[in-house]
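2 protein chains.
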Amino acid sequence: MAQAQKITPRAEDFSEWYNDVIMQAELADYSPVRGCMVIRPNGYGIWELMQRALDDMIKASGHRNAYFPLFIPQSFLAKEAEHVEGFAKEVALVTHTRLKATGKTGAAAVMPDPASALEEALVVRPTSETIIYAMFAKWIQSYRDLPLLINQWCNVVRWELRTRLFLRTTEFLWQEGHTAHADEAGAEQEARLILGIYRKFAEEWMAMPVITGVKTESERFAGALRTYAIEALMQDRKALQAGTSHHLGQNFAKAFDVKYQTAAGGLEHVWSTSWGVTTRLIGGLIMTHADDNGMICPPRLAPIQVVIVPIWKSDAERTQVLAVGERIAADLGAAGVRVTLDSRDTMKPGAKYFEWEAQGVPLRLEIGPRDVAANQVMTARRIGGKTPAAMNGLTEAVRSALDEIQSTLLGAARDRREAASIRGVTRDQFIAFMKEQGGFAYGGFCGDGTCEAAIKQETAATVRVLPDPEFRSTPAPTTCMWCGKPSKAEAVWAQAY
Amino acid sequence: MAQAQKITPRAEDFSEWYNDVIMQAELADYSPVRGCMVIRPNGYGIWELMQRALDDMIKASGHRNAYFPLFIPQSFLAKEAEHVEGFAKEVALVTHTRLKATGKTGAAAVMPDPASALEEALVVRPTSETIIYAMFAKWIQSYRDLPLLINQWCNVVRWELRTRLFLRTTEFLWQEGHTAHADEAGAEQEARLILGIYRKFAEEWMAMPVITGVKTESERFAGALRTYAIEALMQDRKALQAGTSHHLGQNFAKAFDVKYQTAAGGLEHVWSTSWGVTTRLIGGLIMTHADDNGMICPPRLAPIQVVIVPIWKSDAERTQVLAVGERIAADLGAAGVRVTLDSRDTMKPGAKYFEWEAQGVPLRLEIGPRDVAANQVMTARRIGGKTPAAMNGLTEAVRSALDEIQSTLLGAARDRREAASIRGVTRDQFIAFMKEQGGFAYGGFCGDGTCEAAIKQETAATVRVLPDPEFRSTPAPTTCMWCGKPSKAEAVWAQAY
Chain X
1 MAQAQKITPR
11 AEDFSEWYND
21 VIMQAELADY
31 SPVRGCMVIR
41 PNGYGIWELM
51 QRALDDMIKA
61 SGHRNAYFPL
71 FIPQSFLAKE
81 AEHVEGFAKE
91 VALVTHTRLK
101 ATGKTGAAAV
111 MPDPASALEE
121 ALVVRPTSET
131 IIYAMFAKWI
141 QSYRDLPLLI
151 NQWCNVVRWE
161 LRTRLFLRTT
171 EFLWQEGHTA
181 HADEAGAEQE
191 ARLILGIYRK
201 FAEEWMAMPV
211 ITGVKTESER
221 FAGALRTYAI
231 EALMQDRKAL
241 QAGTSHHLGQ
251 NFAKAFDVKY
261 QTAAGGLEHV
271 WSTSWGVTTR
281 LIGGLIMTHA
291 DDNGMICPPR
301 LAPIQVVIVP
311 IWKSDAERTQ
321 VLAVGERIAA
331 DLGAAGVRVT
341 LDSRDTMKPG
351 AKYFEWEAQG
361 VPLRLEIGPR
371 DVAANQVMTA
381 RRIGGKTPAA
391 MNGLTEAVRS
401 ALDEIQSTLL
411 GAARDRREAA
421 SIRGVTRDQF
431 IAFMKEQGGF
441 AYGGFCGDGT
451 CEAAIKQETA
461 ATVRVLPDPE
471 FRSTPAPTTC
481 MWCGKPSKAE
491 AVWAQAY
Chain R
498 MAQAQKITPR
508 AEDFSEWYND
518 VIMQAELADY
528 SPVRGCMVIR
538 PNGYGIWELM
548 QRALDDMIKA
558 SGHRNAYFPL
568 FIPQSFLAKE
578 AEHVEGFAKE
588 VALVTHTRLK
598 ATGKTGAAAV
608 MPDPASALEE
618 ALVVRPTSET
628 IIYAMFAKWI
638 QSYRDLPLLI
648 NQWCNVVRWE
658 LRTRLFLRTT
668 EFLWQEGHTA
678 HADEAGAEQE
688 ARLILGIYRK
698 FAEEWMAMPV
708 ITGVKTESER
718 FAGALRTYAI
728 EALMQDRKAL
738 QAGTSHHLGQ
748 NFAKAFDVKY
758 QTAAGGLEHV
768 WSTSWGVTTR
778 LIGGLIMTHA
788 DDNGMICPPR
798 LAPIQVVIVP
808 IWKSDAERTQ
818 VLAVGERIAA
828 DLGAAGVRVT
838 LDSRDTMKPG
848 AKYFEWEAQG
858 VPLRLEIGPR
868 DVAANQVMTA
878 RRIGGKTPAA
888 MNGLTEAVRS
898 ALDEIQSTLL
908 GAARDRREAA
918 SIRGVTRDQF
928 IAFMKEQGGF
938 AYGGFCGDGT
948 CEAAIKQETA
958 ATVRVLPDPE
968 FRSTPAPTTC
978 MWCGKPSKAE
988 AVWAQAY
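This is the structure:
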């Protein structure tokens with residue numbers, strides 16, 4: 001049970017605030033294992049709703065789930081040159097398969113048995129391209145087998161030095177899609193399709209507005225031809241990369257010899273994509289919506305959408321308000337609303353309000369004896385606003401309140417992002433903006449990696465994306481905001497998680 | 498796509514048959530990683546349906562899902578003496594966190610970087626009691642926090658020497674429940690509740706009848722007070738342990754110091770349980786139902802319940818039967834039936850039948866021009882039986898056919914099990930039964946481990962369970978069928994997977 005502890009205000013220390021919100025809402029906890037977190041039921045409930053919604057969209061677009069091994073022979077990683085370069089420094093390596101007693105006590109009581117050393121170390125998957133392409137090479141023979149559209153929900157491990165709950169942990173959960181296509185256009189279309197699904201999910205389910213676009217070479221996935229991403233802006237004006245979709249070209253197909261016979265009888269390497277979102281999204285949800293009182297969960301992803309708090313003084317009142325509360329809970333539950341009745345008699349209503357607010361439940365219904373008499377309940381929105389609602393038609397009123405909260409959260413987040421965005425920046429404005437405020441800065445970019453490196457060095461900002469048309473400025477910038485040479489594309493810079 | 502290859506008949510080689518069914522139905526595949534399998538979409542679809550059904554039951558009984566780290570410090574395993582004994586010989590150990598280039602080629606091109614050696618090795622979880630109890634110790638303070646009812650869906654690793662697809666793999670998927678209670682009765686009730694859920698799931702969803710009961714000491718989970726299990730009998734008359742539920746007593750609570758303050762103000766260790774079922778269940782499903790033509794999937798767990806195969810000769814017929822097929826598919830889909838229309842024009846109907854039969858689809862609807870004219874379809878059940886069905890009321894007819902197939906499969910499996918069971922065995926009968934036929938042998942048991950060991954030595958049979966009352970024989974046996982001493986309990990023996 002949550003201890004009543006204070007949440008550090010955002011304005012005072014955003015990072016402390018973030019941790020406090022997570023602890024207070026019991027979304028996650030630190031574990032005794034370096035860099036690994038425990039996702040507690042309140043946090044895992046959000047992840048389950050995210051999974052369900054995204055999985056439905058992934059399946060509706062023709063993909064099927066499968067499961068590939070956790071372990072990858074170390075030699076597999078070495079097959080795709082850029083890929084091993086990208087991941088070799090942050091992997092967990094399994095080298096032994098038996099513990100033996102040492103006769104010592106404590107942590108040293110056992111040790112890996114040298115006699116159990118493996119001939120070849122196994123990598124705990126940091127991502128599964130290599131093992132999946134080894135299988136694709138077996139499964140794909142002809143153009144009739146294409147496109148092959150596979151998705152996997154699983155855990156992955158990257159040995160991160162600095163970790164933060166949800167945002168960057170040694171182990172995390174994700175989905176990784178892997179698809180093979182007959183030609184470049186097929187793979188490109190797929191990478192774009194998924195980017196659209198991620199955007200839809202971020203905006204319609206998470207109420208988190210995102211910019212879509214393509215990454216520059218320096219931010220591209222190890223082994224990819226092009227990396228697309230959705231980028232969101234957090235309340236501290238730092239960007240969060242919330243999902244990526246990679247067009248891998250024929251790089252992995254060539255490394256793992258994934259070929260197919262064309263209709264004309266020729267033999268070609270497939271074109272492929274991979275794409276993923278992770279439990280990091282829960283961090284994004286928190287930093288987009290939560291406030292100084294704790295979590296705020298968008299209704300569509302709230303494990304509990306409505307909490308009913310009955311208010312009584314006497315036993316007779318208790319019986320009465322509980323009966324009404326139970327009836328309402330049954331009605332809402334039957335209508336598909338995720339509802340709970342807080343009938344605990346060890347806590348006062350105020351303490352209950354405090355606890356459910358910290359957990360981010362979008363809507364609270366209070367029922368006291370006077371409400372019963374007036375045939376109404378008091379509704380309190382987590383985002384602010386308290387109004388009575390008639391018992392008659394309550395289910396419909398609750399439903400529309402939840403819809404309205406969902407869209408209000410999205411609108412507020414979009415307004416915040418736009419207020420924290422600056423367009424057509426000059427170099428001086430850019431430097432001042434990044435040093436004093438931060439946010440999304442749109443400007444011309446020459447496309448040169450040396451400009452990118454200099455900008456990162458001086459302001460810690462990176463190109464988040466070269467934005468898709470609908471996000472671009474009018475008129476388009478003509479010169480690089482940093483070096484003054486002709487602009488090749490508009491870029492969006494920000495300091496990022 | 499499945500190659501048309503022959504399935505070895507069960508009577509010829511059951512083990513080959515089993516592998517052939519899996520390959521032909523594309524349920525799983527061997528991977529390049531020793532002992533690890535790939536679960537292909539057809540197999541993973543079954544697992545997803547299993548998860549959904551079981552997860553609903555687990556949640557309906559008050560449990561909540563969470564996620565704990567993949568890695569466990571080696572010292573944690575050593576805290577519970579029997580537990581480390583039980584798992585030390587079959588674990589994957591992470592010892593390094595970086596690969597370095599060696600300058601060589603092939604598999605030796607990279608190696609674990611000695612500079613990245615961990616101070617303490619991490620065990621890839623073989624089960625999560627130890628890490629979970631470390632967290633329970635943080636979360637549980639008072640009797641108000643009890644019972645704590647947690648479940649986790651995840652992957653686990655046990656370094657098995659001999660592996661078989663689904664039945665015994667180095668990595669497998671499972672759910673593991675972990676609960677803490679104020680007293681022994683609470684934990685006992687929980688372990689029993691879960692056993693009941695497992696049985697219900699096995700029988701009502703998998704159509705796989707099971708015996709429930711308690712394990713003898715030699716078959717008990719490492720660290721448990723009592724282990725309950727559901728046991729099924731496969732078509733080759735070997736038993737499959739299909740799920741276990743452990744009453745752990747206070748063993749783990751004491752090892753990890755999980756205490757709570759009682760209502761009276763005292764301090765007590767909690768009582769706990771753990772329980773799990775794994776992807777092994779898919780192996781059980783296959784060995785319970787499949788036949789020499791391939792997989793047979795019970796309708797409630799079939800990713801595709803109905804396949805529609807249109808039959809045509811001319812283009813005009815093709816247009817006609819496809820239109821009807823599409824309408825039926827839409828109607829069935831709207832009614833919640835998982836249906837697919839096989840409109841491929843690269844294959845003849847017979848080849849399609851063969852393929853869908855091998856995949857185990859319970860019901861096939863064939864639509865030819867004459868069927869359209871007669872306003873009917875031909876229905877063919879995977880378990881045998883072909884009858885026409887009127888277009889009018891087809892959805893209801895399909896639904897009741899699926900229900901009937903589900904219950905027919907359960908009944909047939911139960912009959913097979915009973916035909917392969919022998920009760921009140923004498924020692925000589927037992928030996929002959931185990932050597933010549935195999936199956937479930939019920940007999941008196943003195944409870945002595947030396948009898949158990951001798952029986953195993955001579956017949957390879959083990960006590961599957963001391964059965965619950967409803968499975969016991971009447972009259973109860975009075976002497977141990979092996980040594981002739983007084984029987985302490987009836988036992989069910991079998992050779993097992």
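Each protein sequence line maps, in turn, to chains X and R.
Mapping of the first sequence onto our numbering: position 410 corresponds to residue 410, and the numbering continues sequentially without gaps.
Quick note, our numbering runs 497 ahead of the 1-based positions in the second sequence.
All residues carry an ideal CB built from backbone N, CA and C; glycine is no exception.
Every value quoted in this text rests on a predicted model; they were computed, and no experiment measured them.
* Counting along the chain, where does the alpha helix (DSSP H) carrying residue 732 (chain R) start and finish? -> Unbroken run through residue 732 (chain R): none, as it is neither H nor E.
I need the straight-line Cα distance from residue 254 (chain X) to residue 123 (chain X), nearest angstrom please.
For residue 254 (chain X) and residue 123 (chain X), the distance between alpha carbons rounds to 21 Å.
Could you round the C-beta distance between residue 398 (chain X) and residue 332 (chain X) to whole angstroms and report it? I think they count as a contact, below 8 Å. Residue 332 (chain X) and residue 398 (chain X) do touch by the CB rule: their CB atoms are close to 6 Å apart, below 8 Å.
*asked:* Is it buried or exposed, residue 238 (chain X), if we count other Cβ atoms within 10 angstroms and call 16 or more buried?
replied: Looking at its Cβ environment, which holds 16 or more other Cβ atoms inside 10 Å, residue 238 (chain X) is buried.
- State the Cα-Cα distance for the pair residue 669 (chain R) and residue 931 (chain R), rounded to the nearest angstrom. Distance between the alpha carbons of residue 669 (chain R) and residue 931 (chain R) is about 30 Å.
Of all the alpha helix (DSSP H) runs that stay within the bounds of the stretch 856-889 of chain R, which reach a length of 4 or more residues? The DSSP assignment places complete alpha helix (DSSP H) segments of no fewer than 4 residues inside the stretch 856-889 of chain R at 866-870, in order along the chain.
Original post:
At what residues does the beta strand (DSSP E) containing residue 672 (chain R) begin and finish?
Top reply: Taken as a continuous stretch (DSSP letters only), the beta strand (DSSP E) holding residue 672 (chain R) covers 668-678.
- Task: Taking only the alpha-carbon atoms, compute the straight-line gap between residue 760 (chain R) and residue 245 (chain X) and give it to the nearest angstrom.
- Result: One alpha carbon belongs to residue 760 (chain R), the other to residue 245 (chain X), and they sit about 54 Å apart.
- Query: Is the stretch 145-160 of chain X close to the stretch 195-206 of chain X, with three or more CB pairs under 8 Å?
  - Reply: With contact defined as three or more Cβ pairs closer than 8 Å, the stretch 145-160 of chain X and the stretch 195-206 of chain X are not in contact.
### Task
Quick one: using the 10 Å Cβ neighbour count with 16 as the cut-off for buried, is residue 386 (chain X) buried or exposed?
Per the 10 Å Cβ criterion, exposed.
Residue 298 (chain X) and residue 402 (chain X) - do their beta-carbons sit closer together than 7 Å? Not in contact: residue 402 (chain X) and residue 298 (chain X) (Cβ atoms no closer than 7 Å).
- Item | Three-state secondary structure (DSSP) of residue 931 (chain R) | In this structure, residue 931 (chain R) counts as helix in the three-state DSSP scheme.
field: Paired residues, beta bridge with residue 274 (chain X) - DSSP
entry: BP columns for residue 274 (chain X) point to X:178, X:246.
Strictly below 9 Å CB to CB, what residues from chain X border residue 574 (chain R)?
Within chain X, the residues near residue 574 (chain R) are 99, 110.
task = Tell whether a beta-carbon distance below 7 Å holds between residue 271 (chain X) and residue 137 (chain X).
result = The answer is no: Cβ separation not under 7 Å.
Open item on the list: Quick check: the Cα distance between residue 726 (chain R) and residue 969 (chain R), rounded to an integer number of angstroms?
Closed with: Their Cα atoms are separated by approximately 15 Å.
### Message
Going by C-alpha to C-alpha distance, which of X:306, X:493, X:459, X:43 sits closest to residue 420 (chain X)?
### Response
For residue 420 (chain X), the nearest C-alpha among the options comes from X:493.
Would the stretch 70-86 of chain X count as touching the stretch 550-566 of chain R if we require 3 or more Cβ pairs under 8 Å?
No, the stretch 70-86 of chain X does not touch the stretch 550-566 of chain R.
| How would you call residue 235 (chain X), buried or exposed, if buried means at least 16 neighbouring beta carbons within 10 angstroms? | It counts as buried.
Quick one: complete beta strand (DSSP E) runs, 3+ long, within the stretch 12-88 of chain X?
Complete beta strand (DSSP E) runs here, min 3: 28-30, 37-39, 71-73.
First through last residue of the beta strand (DSSP E) which encompasses residue 947 (chain R): Per DSSP, residue 947 (chain R) belongs to no beta strand (DSSP E); it is in the alpha helix (DSSP H), 946-956.
- Given residue 488 (chain X), which residues of its chain have a CB within under 7 Å of its CB, disregarding the five upstream and five downstream residues? Counting only Cβ-Cβ distances below 7 Å, and skipping sequence neighbours, we find 445, 446, 447.
Same chain, Cβ closer than 7 Å to residue 903 (chain R), five either side skipped, listed in chain order = Once the five neighbours on either side are set aside, the close Cβ partners of residue 903 (chain R) are 704, 795, 796, 797.
Q. What residue does the beta strand (DSSP E) around residue 636 (chain R) start on, and which one ends it?
A. First-last for residue 636 (chain R): 626-636, but that is the alpha helix (DSSP H), not the beta strand (DSSP E).
Flag residue 648 (chain R) as yes if its beta-carbon sits less than 7 Å from any beta-carbon of chain X, otherwise no. Chain X contact via Cβ: absent.
Along chain X, which residues have their Cβ under 7 Å away from the Cβ of residue 624 (chain R)? Ordered by position in chain X, no residue passes the 7 Å Cβ test against residue 624 (chain R), which lies about 15 Å from the chain.
Spatial neighbours of residue 554 (chain R) within its chain, please: CB distance less than 8 Å, with the 5 preceding and 5 following residues excluded, ordered by chain position.
If we look at residue 554 (chain R) and ignore the five residues flanking it on each side, its Cβ neighbours are 694, 697, 698.
**Request:** Could you check which residue in X:314, X:309, X:414 has the C-alpha nearest to that of residue 363 (chain X)?
**Result:** It is X:309.
* Does DSSP classify residue 748 (chain R) as helix, strand or coil? -> Here residue 748 (chain R) sits in helix by DSSP.
Inset, instruction - Ignore the nearest five residues each way along the sequence and tell me which others in residue 599 (chain R)'s own chain have a CB closer than 8 Å to its CB. - result: Counting only Cβ-Cβ distances below 8 Å, and skipping sequence neighbours, we find 605, 606, 607, 608.
(Q) For the stretch 626-640 of chain R against the stretch 24-42 of chain X, do three or more pairs of beta-carbon atoms, one drawn from each stretch, fall closer than 8 Å, so that the two count as touching? (A) A contact exists between the stretch 626-640 of chain R and the stretch 24-42 of chain X.
Pull up the distance between the alpha-carbon of residue 118 (chain X) and that of residue 589 (chain R), whole angstroms please.
-> Taken atom to atom, the span from the alpha-carbon of residue 118 (chain X) to that of residue 589 (chain R) is near 10 Å.
- prompt: For residue 597 (chain R), does the three-state DSSP call read helix, strand or coil?
  reply: Residue 597 (chain R) falls in the strand class under three-state DSSP.
Item to complete: Please classify residue 398 (chain X): does DSSP put it in a helix, a strand, or coil?
Response: Residue state, collapsed to three classes: helix.
Notebook entry, point to check: Which same chain residues, not among the five before or five after residue 98 (chain X), have their C-beta less than 8 Å away from its C-beta?
Noted result: When the five nearest sequence neighbours on each side are left out, the beta carbons in the same chain lying within less than 8 Å of the beta carbon of residue 98 (chain X) are those of 112, 113, 115, 116, in order along the chain.
Taking CB distances under 7 Å as the criterion, tell me whether residue 181 (chain X) reaches chain R. Chain R, which has no Cβ nearer than 7 Å to the Cβ of residue 181 (chain X), makes this no.
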